[in-house]
């Protein structure tokens, strides 16, 4: 078994190659390539938001842009948690964009985007 991976952070050049030499013992060779990491290694790229929290954030995103909400939530993270890299209360901009997109998609009157636009035009 072998696999290749890359860092999800923008502009980070690091890639990883893993090759399992022995399936029984799971001994593997791990090779890091690409140079220096250009971000805090303790920071998590994505912080999933589920359930009621996701719905609350989706409602806020109806009147705010994801970046604005991200900055607001980042300011609410306690200083000690911020320094430790525990930003669970501040979902990333990408996660917020995804929440906004999925919320808008859920509110469409039709699964097909063009069909949805036609229905909206017909309602007017």
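Numbering (the working numbering), first residue to last: 38 to 161. The beta-carbon is built from N, C-alpha and C at its ideal position, and this holds for glycine as well. Since the structure is predicted, the reported quantities are computational estimates derived from the model, not experimental observations.
- Assignment of beta-bridge partners to residue 114 by DSSP yields no partner.
- In the three-state scheme derived from DSSP, where H, G and I count as helix and E and B as strand, residue 95 is classed as helix.
- Going by DSSP, residue 86 is part of no beta strand (DSSP E) at all; its letter is neither H nor E.
- Taking one beta carbon from each stretch, the region 121-140 and the region 94-111 have 3 or more pairs nearer than 8 Å; the two touch.
- Taking C-beta atoms as the reference points, residue 54 and residue 67 count as a pair closer than 9 Å.
- Residue 133 and residue 103 have their C-alpha atoms roughly 5 Å apart.
- Residue 85 holds the alpha-carbon nearest to the alpha-carbon of residue 135 among 113, 108, 85, 117.
- For the options 64, 159, 44, 88, the alpha carbon positioned closest to that of residue 70 is the one of 44.
- Cβ contact annotation for residue 124 (same chain, cutoff 6 Å, sequence separation greater than five): 114, in chain order.
- Under the DSSP assignment, residue 63 falls outside any beta strand (DSSP E); it carries neither an H nor an E label.
- A residue is called buried once 16 or more other Cβ atoms fall within 10 Å of its Cβ, and residue 65, having fewer, is exposed.
- Counting of Cβ neighbours within 10 angstroms places residue 106 among the buried residues, the total reaching 16 or more.
- Going by C-alpha positions, residue 149 is about 25 Å away from residue 100.
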